[in-house]
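Residue numbers (the working numbering): 2 to 202. Cβ atoms here follow ideal geometry from the backbone N, Cα and C, with glycine treated the same way.
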């Protein structure tokens, strides 16, 4: 058993060194698909079901899940609640809304709803570094988003560039004018759920 642990540890260390070497030499880190491009359809609660099912091992093993959303309104803000409703675990996590109660406390397991772009509270920021925490970013995307020169040359993409690059990559898979969604994993424990912004009528 010790031998297996040593081999796995060495493999992870080698993989990390290879990734660091690639980034330094100009290679960019690519996101990995988690949920393929799918139409939102008439029942958006199915998105929550997809997320709860596909991320079950990560959600179940995490001390905390931090959900980042653009605002408190619209479909992205509903996704954490829809996922929680579809999450089949013996112990359901407590959901704390940091939009309305920034100082909320929880012993765990906990899901935190955090405003996107706002700095994470200091104790939660420490927790992200010290414990097994999953971060999920829920954002709208537009199918015709432009990818800036800055994004084209970033080795490690920020959230805005990841959205633009991802939207460009999936554009050919958007077969109908209906809104679509998809999810990607980036930097190990970060997941990005992109929901197409509905067209204005």
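Counting other Cβ atoms within 10 Å of its Cβ, residue 147 stays below 16 and is therefore classed as exposed. Under the rule that a run must span 3 or more residues, no beta strand (DSSP E) segment is found entirely inside the stretch 34-66.
For the 7 Å CB-CB criterion, residue 153 and residue 180 do not form a contact. A direct Cα-to-Cα measurement between residue 86 and residue 155 gives close to 37 Å. Residue 56 is classed as buried because its beta carbon has at least 16 other beta carbons within 10 Å across all chains shown. Residue 72 and residue 79 have their C-alpha atoms spaced approximately 10 Å apart. Counting only residues of its own chain and dropping the five nearest sequence neighbours on each side, residue 104 has a CB closer than 8 Å to the CB of 122.
In terms of Cβ geometry, residue 67 and residue 113 form a close pair [threshold 7 Å]. Between residue 70 and residue 99 the beta-carbon gap is near 11 Å, outside 8 Å, which marks them as no contact.
Listed as beta-bridge partners of residue 181 by DSSP are 40. Residue environment: residue 84 is assigned as buried (16 or more neighbouring CB atoms within 10 Å of its CB, all protein chains considered).
Beta-bridge partners of residue 70 (DSSP): 116, 139.
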